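Novice: Chains as they are written, first to last, in the UniProt record's numbering: chain Z, 1 to 351; chain U, 1 to 351; chain W, 1 to 351; chain E, 1 to 351. From the three backbone atoms N, C-alpha and C, an ideal C-beta is built for every residue, glycine too. From a predicted model like this one, the values you see are computed outputs, not experimental measurements. Got a structure here, written out as structure tokens. Questions coming.
4 protein chains.
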Amino acid sequence: MPNTTGEKIKIGVIGASGYTGADLIRLAACHPGMEISALAANTHAGKPLADVFPHLGFVDAPPLVKAEEVDWSSLDAVFCGLPHGTAQDIIATLPESVKVIDMSADFRLKDTSTYAKWYGREHAATHLLEGAAYGLTEHNREAIRAARLVACPGCYPTATLLALLPLVAAKLVDASDIIVDAKSGVSGAGRSLKQNILFSEAGEGLSPYAIAGHRHAPEIEQEISKAAGANVFVNFTPHLVPMSRGELVTCYVRLAGGHTAADLAAALAERYTGEPFVKLAPKGTLPSTQFVRGSNFCMIGVYADRIPGRAIVVSAIDNLVKGSAGQAVQNFNLMFGFEETAGIAQQPLFP
Amino acid sequence: MPNTTGEKIKIGVIGASGYTGADLIRLAACHPGMEISALAANTHAGKPLADVFPHLGFVDAPPLVKAEEVDWSSLDAVFCGLPHGTAQDIIATLPESVKVIDMSADFRLKDTSTYAKWYGREHAATHLLEGAAYGLTEHNREAIRAARLVACPGCYPTATLLALLPLVAAKLVDASDIIVDAKSGVSGAGRSLKQNILFSEAGEGLSPYAIAGHRHAPEIEQEISKAAGANVFVNFTPHLVPMSRGELVTCYVRLAGGHTAADLAAALAERYTGEPFVKLAPKGTLPSTQFVRGSNFCMIGVYADRIPGRAIVVSAIDNLVKGSAGQAVQNFNLMFGFEETAGIAQQPLFP
Amino acid sequence: MPNTTGEKIKIGVIGASGYTGADLIRLAACHPGMEISALAANTHAGKPLADVFPHLGFVDAPPLVKAEEVDWSSLDAVFCGLPHGTAQDIIATLPESVKVIDMSADFRLKDTSTYAKWYGREHAATHLLEGAAYGLTEHNREAIRAARLVACPGCYPTATLLALLPLVAAKLVDASDIIVDAKSGVSGAGRSLKQNILFSEAGEGLSPYAIAGHRHAPEIEQEISKAAGANVFVNFTPHLVPMSRGELVTCYVRLAGGHTAADLAAALAERYTGEPFVKLAPKGTLPSTQFVRGSNFCMIGVYADRIPGRAIVVSAIDNLVKGSAGQAVQNFNLMFGFEETAGIAQQPLFP
Amino acid sequence: MPNTTGEKIKIGVIGASGYTGADLIRLAACHPGMEISALAANTHAGKPLADVFPHLGFVDAPPLVKAEEVDWSSLDAVFCGLPHGTAQDIIATLPESVKVIDMSADFRLKDTSTYAKWYGREHAATHLLEGAAYGLTEHNREAIRAARLVACPGCYPTATLLALLPLVAAKLVDASDIIVDAKSGVSGAGRSLKQNILFSEAGEGLSPYAIAGHRHAPEIEQEISKAAGANVFVNFTPHLVPMSRGELVTCYVRLAGGHTAADLAAALAERYTGEPFVKLAPKGTLPSTQFVRGSNFCMIGVYADRIPGRAIVVSAIDNLVKGSAGQAVQNFNLMFGFEETAGIAQQPLFP
């Protein structure tokens with residue numbers, strides 16, 4: 001076990017010039033068992049990391065190179081922060097000896113026709129799909145531990161599924177009547193240039209987007225359906241909020257079998273007892289993105305609705321940490337035998 | 001009719017040191033038919049307006065005085081921006097000759113026991129309640145025009161009811177299954193000092209608040225129930241968003257009678273044809289608070305849900321304008337025979 | 001005089017898809033004497049205005065067209081919100097009958113070699129330069145009134161010169177030792193896509209930019225030198241602040257001739273007596289961008305320094321209004337005989 | 001040496017309910033050699049930490065108690081995050097065996113009359129003043145290592161002195177003509193309720209404050225004067241910026257002895273070679289608060305001015321970390337023999 005020998009795991013990051021890649025590097029820099037051995041970012045190849053992310057100029061890291069220049073066989077693990085499509089193309093070429101933690105969307109959907117429909121292209125690495133473990137750590141530890149390829153969930157699915165999976169699985173709520181009103185900070189839209197995420201456009205304002213058409217909807221549906229044992233549609237309506245980080249989902253559920261909101265809270269509390277990163281909000285505190293900012297924590301709360309027979313489940317995470325790079329490190333820790341909290345025990349940054 | 005004689009209406013503002021009062025003064029300063037004759041704000045009595053609101057230092061306005069110092073009989077109209085409770089106490093003392101546009105919550109709820117339950121005190125001016133017109137302009141013009149006392153709706157009810165009333169009344173949606181996920185900028189919390197609205201607490205973060213317990217819920221229910229012809233509960237879940245102004249409600253509705261989202265859109269478009277301040281978002285545009293900031297406009301959109309038989313209705317306003325001071329001026333215009341758009345035709349401030 | 005006949009001035013806007021153009025349209029929509037007759041924006045030709053600026057979807061305006069499609073001879077006035085370079089090329093082709101209010105940088109610098117050095121190209125419309133009036137309204141009214149072409153100042157020069165010109169001209173401060181630490185909201189960077197103005201990059205952060213190399217430096221120096229009667233260099237150091245609108249300059253000056261900060265304040269107060277848009281901050285209030293947001297006002301304050309013989313002069317404006325579109329309308333009003341405040345009397349939007 | 005034995009240092013935090021205290025706890029929770037043994041916060045005594053700071057609800061920490069309830073003799077070190085005045089009163093009562101890292105202003109000024117003048121009360125623990133080491137780590141290591149009481153600098157002095165002390169000491173700049181235009185995020189104003197730091201007041205706006213009267217001015221002057229060998233006044237003008245964290249100072253200096261901006265840069269680079277937390281911005285990067293957010297780093301840049309004989313020195317820190325709690329931990333590490341970076345090696349959080 002590497003964590004006992006003290007030998008470091010050689011990691012590479014593909015897509016090092018995106019926010020997801022940057023947050024991975026941020027965490028890797030302080031991880032006791034990682035050595036950053038390669039950083040790939042095709043459009044910025046040849047530059048020092050500090051040119052692309054000045055805030056990482058304090059990290060001791062190799063310069064960015066093109067993906068084809070990396071000697072993958074010298075690495076133990078690769079984190080992939082590329083956009084979908086590109087991700088599968090590169091991952092398919094990596095040597096079997098390298099474990100892969102993919103933060104893209106490419107290996108999340110098990111059904112290739114669903115993938116093709118939502119992502120606009122045929123899946124080109126279907127042979128890897130079956131072995132890919134869905135990386136929602138708290139709900140799939142054994143598979144993750146054993147996997148060579150882990151598909152980390154999308155940020156919205158992470159927040160949503162942590163809140164709902166135990167309730168659906170226990171049939172405490174009606175899986176066919178779930179409404180997820182989601183709110184995300186702007187970093188969720190990535191670093192590529194789009195007018196609607198300019199400061200002057202997104203600042204001091206709030207808007208929904210991709211109503212009934214966001215790619216995280218089929219991912220949520222896949223997992224909810226699996227837990228429910230039946231195919232369901234889920235309402236998923238994301239909103240863009242004028243903050244950089246943070247994600248909060250407000251889930252409106254119909255109670256099943258005469259259960260109450262208190263039953264839901266109790267079920268979640270029991271399910272997550274002992275979990276280092278998932279907690280129910282204490283009495284008097286409402287889940288808020290401020291309370292998990294910059295951390296790998298997820299805070300969940302359950303509330304009775306005014307409409308009889310309904311309840312509200314709220315879940316907050318940092319979209320770039322538990323929603324992406326942090327959960328990727330958590331999965332890495334499982335895969336390589338580290339303490340699950342290694343490198344991601346940082347407390348939230350507030351204010 | 002005053003607007004033809006050119007004689008100005010003498011107005012007073014009570015509660016001139018709150019945000020609602022300030023926005024009323026901002027609009028009044030440019031209104032062609034208003035003369036600001038008295039500004040009352042007990043805790044700041046004796047100060048010039050510029051001391052309390054430096055941004056209004058360019059306005060030609062009298063200094064703040066205590067309410068008891070105002071000669072009400074010299075005024076034609078009074079806008080009340082006081083907190084509930086205090087509002088009714090003062091309004092009850094005003095001479096009959098003064099028309100009152102109340103922006104507080106005191107005369108919105110028709111049922112005094114509901115008022116007592118939600119506002120924690122018995123109503124002390126019940127004799128004025130019956131004559132008070134509910135000031136949702138587009139839905140109550142005749143009563144407003146004739147009223148001496150107008151109770152302007154809360155900001156959330158304004159955004160919500162403009163979107164839903166026509167749908168409920170036409171039985172296009174099931175009134176008993178309405179979920180309103182609401183988001184507001186921080187100015188909605190007022191100017192009094194509370195820790196959770198400090199910049200460092202509310203900034204870069206998002207949280208729900210008052211889940212299933214917000215005072216705008218019974219107000220929404222009162223109007224929805226009236227339109228539906230049956231008493232209903234409505235889910236109303238507000239969230240605090242890190243922006244100063246703006247309010248957006250995302251309403252999740254169950255379609256009735258085999259209707260579609262397109263039917264809802266058509267019904268709203270028809271209902272608001274010719275309305276100067278309420279518009280459906282054009283194809284390709286999603287309602288966003290940025291697009292109505294600082295203006296009296298409301299922008300509404302209707303979208304099909306992924307869950308069959310459901311739809312999503314989104315409505316955006318500026319909480320301090322259409323949600324408060326602007327609608328108050330709109331009602332004033334009706335009450336005093338001005339063009340309905342007088343003084344509130346300002347376009348949104350973007351970026 | 002048009003303002004007495006009631007006939008409207010037919011205006012066109014070139015560069016209607018930028019923030020400057022948008023704010024001009026916002027103001028024009030409520031101006032009593034303007035009729036928006038043409039909107040040109042080459043890259044968006046063919047679209048309705050609402051497609052490019054949804055917040056202006058409430059305005060009755062013609063669709064966007066290419067500049068070459070506009071019948072300029074049918075217009076009375078053209079506002080130009082194009083980038084420098086492109087601006088002069090189009091302005092040079094306009095018929096003599098059209099008055100031009102240019103919000104670009106093309107006609108601000110009188111010295112063509114300075115222009116070439118700072119803007120990277122030879123000036124291509126030098127024949128128009130001499131007749132162009134520098135549009136700092138309060139300091140150049142007669143020339144503006146008589147001009148066919150007005151070159152509105154840059155936003156930073158507007159804030160800086162309103163604060164310093166009277167002091168330099170009266171020799172109250174040493175023109176050769178002026179330090180201008182400037183701070184601007186992000187809208188000053190325009191609407192074109194640049195990584196550093198993405199919400200996630202500019203939000204929750206502060207940075208200087210273009211130190212000792214910003215194009216507004218030579219413009220400030222030109223006017224300060226003219227007032228001083230000697231060529232001077234001025235330190236001008238801008239910073240990008242995480243807000244959409246607003247600009248504040250903190251000017252550090254060395255007192256001349258034994259004068260005091262109080263003398264400076266008195267000189268400014270006297271100079272701007274009766275001015276509708278420029279005011280000294282009252283005692284107890286510090287100039288803040290919040291207090292002028294969305295308005296054409298400029299708020300100035302003068303303070304003694306801890307270093308003997310020095311003073312601090314602070315000036316705040318809205319960069320898009322007094323710093324651009326608002327001052328353009330103010331100049332238009334002078335050129336066409338309207339009340340100087342017509343269409344720009346809106347009070348600041350706070351909060 | 002504790003760091004070799006592995007025995008943890010028992011720490012207490014006084015003033016645990018302020019932002020400074022909270023950030024200290026955040027860092028302490030992940031420090032390899034700290035055990036949080038006592039948290040004092042008089043107004044919140046009896047509450048769990050999570051009630052006061054929900055984001056710290058994941059930390060294993062004792063509940064808050066009154067200062068008088070703490071058994072100080074059981075502790076090894078105390079961090080004090082109290083306001084000035086209160087701080088000295090409590091610190092004076094602590095047993096000699098406890099080492100004290102004070103984050104308040106009480107032991108920064110060596111001259112008691114200066115203290116009395118600026119802080120409005122006589123110093124009540126003057127016997128501790130002489131032994132108190134000024135905690136600007138990089139410039140006072142030996143004294144800090146040996147001290148029982150360390151007075152951590154103010155946030156503004158930290159950013160300013162790191163940038164200027166080496167330049168003044170080497171007589172590269174004229175100590176009598178230093179202008180420090182400072183900008184801070186709102187957390188610098190603390191957590192107590194004040195109107196100007198409400199989100200709706202401070203958001204989307206920028207203002208100077210405490211011009212020529214901020215308490216950090218005499219602190220900066222004390223240290224600059226010491227380095228210069230002569231008493232000087234320094235211009236220090238702070239501004240409130242709409243962000244939660246971060247601080248940037250733009251220092252305008254007059255070059256001495258024919259030196260150039262490049263000489264200054266070289267002197268700083270040499271001075272800070274090997275320092276883990278202070279770095280010069282690489283070519284092409286301007287110091288920005290985003291690039292140090294949440295970290296203990298300081299980023300400095302030097303630039304030539306347009307005015308001949310002048311230069312500009314810019315320095316950026318996180319006001320709560322290097323400007324307060326982080327530097328306190330850095331000093332703790334020196335005092336107790338830990339690696340200087342222990343517990344504060346976290347990389348900046350961007351975006």
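Taking the beta strand (DSSP E) that E:S184 belongs to, which residues open and close that run?
Specialist: As a working note, residue 184 of chain E is residue 184 in the fourth sequence. Element bounds for E:S184: I179 to S184.
Novice: Going by the C-beta, is E:P166 closer than 7 Å to any heavy atom of the ligand SAH?
Specialist: Absent from the structure shown: the ligand SAH. Ligands present: none.
Novice: Here's the rule I'm using: 16 or more other beta-carbon atoms within 10 Å means buried, otherwise exposed. How should W:D89 be labelled?
Specialist: By 1-based counting over the third sequence, the position of residue 89 of chain W is 89. Label assigned to W:D89: exposed.
Novice: Go to Z:M299, then tell me how far its alpha helix (DSSP H) extends in each direction, as first and last residue.
Specialist: For the purposes of this step, residue 299 of chain Z is taken as the residue at position 299 of the first sequence. That residue, Z:M299, is in no alpha helix (DSSP H); its beta strand (DSSP E) goes C298 to A304.
Novice: Exposed or buried, what is Z:S184 when buried is set at 16 or more other beta-carbons lying within 10 Å of its beta-carbon?
Specialist: Taking the first sequence and counting its residues from 1, one reaches residue 184 of chain Z at position 184. Z:S184 is buried by the Cβ-count criterion.
Novice: In this structure, how does DSSP classify W:T237 when only helix, strand and coil are distinguished?
Specialist: The residue labelled residue 237 of chain W in the question sits at position 237 within the third sequence. Three-state result, W:T237: strand.
Novice: Are the C-beta atoms of W:S244 and some chain U residue less than 8 Å apart?
Specialist: Position 244 of the third sequence, counted from the start, is the residue given in the question as residue 244 of chain W. So, interface residue.
Novice: How is Z:A105 classed by DSSP in three states: helix, strand or coil?
Specialist: Taking the first residue of the first sequence as position 1, residue 105 of chain Z is located at position 105. Of the three classes helix, strand and coil, the one that applies to Z:A105 here is coil, per DSSP.
Novice: Do you know offhand how far Z:L162's Cα is from Z:D318's?
Specialist: As a first step, residue 162 of chain Z must be located in the first sequence, where it is residue number 162. As a first step, residue 318 of chain Z must be located in the first sequence, where it is residue number 318. Between Z:L162 and Z:D318, the C-alpha separation is close to 13 Å.
Novice: Once DSSP output is grouped into helix, strand and coil, what is the label at E:E247?
Specialist: Start at 1 with the first residue of the fourth sequence, and residue 247 of chain E comes out as number 247. Strand.
Novice: Between U:P208 and chain Z, is there a C-beta pair that is closer than 8 Å?
Specialist: Within the second sequence, the letter at position 208 stands for residue 208 of chain U. With 8 Å as the cut-off, U:P208 counts as an interface residue toward chain Z.
Novice: Between the region 285-300 of chain W and chain Z, which residues of the former have a C-beta closer than 9 Å to a C-beta of the latter?
Specialist: Listed by position along the chain: nothing, the set is empty.
Novice: Between the Cα of U:E221 and those of U:T289, U:T158, U:I14 and U:G203, spot the shortest distance and give me the residue it belongs to.
Specialist: Within the second sequence, numbered from 1, the residue matching residue 221 of chain U stands at position 221. Ranking the options by Cα distance to U:E221, first place goes to U:T158.
Novice: Which residue from W:D111, W:A169 and W:A41 puts its Cα closest to that of W:P62?
Specialist: Reading the third sequence from its first residue, position 62 is the one you call residue 62 of chain W. Taking only the C-alpha atoms, the option nearest W:P62 is W:A41.
Novice: Mapping DSSP to helix, strand and coil, what is U:G188?
Specialist: Start at 1 with the first residue of the second sequence, and residue 188 of chain U comes out as number 188. Reduced to three states, the DSSP call for U:G188 is helix.
Novice: So, is Z:Q195 buried or exposed, given that buried needs 16 or more other C-beta atoms within 10 angstroms?
Specialist: On the first sequence, position 195 is the one that residue 195 of chain Z refers to. Flag for Z:Q195 reads exposed.
Novice: Apart from the five residues on each side of it in sequence, which residues of its chain come closer than 6 Å, Cβ to Cβ, to W:M1?
Specialist: Residue 1 of chain W sits at position 1 when you count from the first residue of the third sequence. Only weak support is given to the placement of W:M1: the predicted model assigns it a pLDDT of 42, under 50, and the question is left unresolved by the model.
Novice: Can you give me the C-alpha to C-alpha distance between W:R26 and E:G21, rounded to a whole angstrom?
Specialist: Here residue 26 of chain W corresponds to residue number 26 of the third sequence, with the count starting at 1. Here residue 21 of chain E corresponds to residue number 21 of the fourth sequence, with the count starting at 1. When rounded, the distance between both Cα atoms is 47 Å.
Novice: From the DSSP output, read off the bridge partner residues of U:S315.
Specialist: Looking up residue 315 of chain U in the second sequence gives position 315. U:S315 is bridged to U:V249 and U:I300.
Novice: Within a Cβ cutoff of 6 Å, which residues of the same chain sit near Z:A45, ignoring the five residues on either side of it in sequence?
Specialist: The residue labelled residue 45 of chain Z in the question sits at position 45 within the first sequence. Only L64, V65 and K66 meet the Cβ criterion.
Novice: Between Z:N296 and Z:P287, what straight-line distance do the alpha-carbon atoms span, to the nearest angstrom?
Specialist: Looking up residue 296 of chain Z in the first sequence gives position 296. Looking up residue 287 of chain Z in the first sequence gives position 287. Their Cα atoms are separated by approximately 14 Å.
Novice: Below 8 Å CB to CB, which residues in the same chain sit around residue 369 of chain E once its five sequence neighbours on both sides are set aside?
Specialist: The requested residue 369 of chain E is not part of the displayed model; chain E covers only 1 to 351.
Novice: Taking Z:A124 as the reference, give the member of Z:E340, Z:T112 and Z:I36 with the closest Cα.
Specialist: Numbered from 1 along the first sequence, position 124 holds the residue referred to as residue 124 of chain Z. The candidate whose alpha carbon is nearest that of Z:A124 is Z:T112.
Novice: Can you tell me whether DSSP reads E:V59 as helix, strand or coil?
Specialist: In the fourth sequence, counting from the first residue as 1, residue 59 of chain E sits at position 59. E:V59: coil per DSSP, three-state reduction.
Novice: In chain order, what residues of the same chain lie with their CB nearer than 8 Å to the CB of Z:A143, ignoring the 5 residues before and after it?
Specialist: Residue numbering aside, residue 143 of chain Z sits at position 143 when the first sequence is read from its first letter. Excluding sequence neighbours, Z:A143 sits near A133 and Y134.
Novice: Name the chain E residues that come within less than 8 Å of Z:S187, Cβ to Cβ?
Specialist: Mapped onto the first sequence, residue 187 of chain Z falls at position 187. Those are P351, listed as they occur along chain E.
Novice: Using DSSP with H/G/I as helix, E/B as strand and the rest coil, what is Z:L172?
Specialist: Position 172 of the first sequence, counted from the start, is the residue given in the question as residue 172 of chain Z. Residue state, collapsed to three classes: coil.
Novice: Does the region 11-21 of chain U come close enough to the region 323-339 of chain Z to have 3 or more Cβ pairs within less than 8 Å?
Specialist: Because the criterion of three Cβ pairs below 8 Å is not met, the region 11-21 of chain U and the region 323-339 of chain Z do not touch.
Novice: Looking at E:S324: is its Cβ nearer than 8 Å to the Cβ of E:M103?
Specialist: Taking the first residue of the fourth sequence as 1, we reach residue 324 of chain E at position 324. Taking the first residue of the fourth sequence as 1, we reach residue 103 of chain E at position 103. Their beta carbons are under 8 Å apart, which means E:S324 touches E:M103 by this criterion.
Novice: Just checking my contact of W:G6 with W:V70 at CB under 8 Å: how many whole Å lie between their CB atoms?
Specialist: Numbered from 1 along the third sequence, position 6 holds the residue referred to as residue 6 of chain W. Numbered from 1 along the third sequence, position 70 holds the residue referred to as residue 70 of chain W. The pair is not a contact, with the Cβ atoms about 25 Å apart (cut-off 8 Å).
Novice: In chain W, what lies closer than 7 Å to U:P348 by C-beta?
Specialist: By one-based count along the second sequence, residue 348 of chain U stands at place 348. Simply H55.
Novice: Take every Cβ of the region 204-211 of chain W, pair it with every Cβ of the region 246-262 of chain W, and state whether three or more of those distances are shorter than 8 Å.
Specialist: Flag = no, the region 204-211 of chain W and the region 246-262 of chain W do not touch.
Novice: Check whether the Cβ atoms of W:F79 and W:L24 lie closer than 8 Å to each other.
Specialist: On the third sequence, position 79 is the one that residue 79 of chain W refers to. On the third sequence, position 24 is the one that residue 24 of chain W refers to. Their beta carbons are under 8 Å apart, which means W:F79 touches W:L24 by this criterion.
Novice: In chain W, what lies closer than 9 Å to Z:R191 by C-beta?
Specialist: Translated into the one-based positions of the first sequence, residue 191 of chain Z becomes position 191. Here the neighbours are Q195, L198, S200 and E201.
Novice: Could you give the distance in angstroms between the alpha-carbon of U:V302 and the alpha-carbon of U:P238?
Specialist: Taking the second sequence and counting its residues from 1, one reaches residue 302 of chain U at position 302. Taking the second sequence and counting its residues from 1, one reaches residue 238 of chain U at position 238. Roughly 20 Å between the two C-alpha positions.
Novice: Grouping DSSP H, G and I as helix and E and B as strand, with all else coil, what is U:F199?
Specialist: If you number the second sequence from 1, residue 199 of chain U lands on position 199. Correct three-state label for U:F199: helix.
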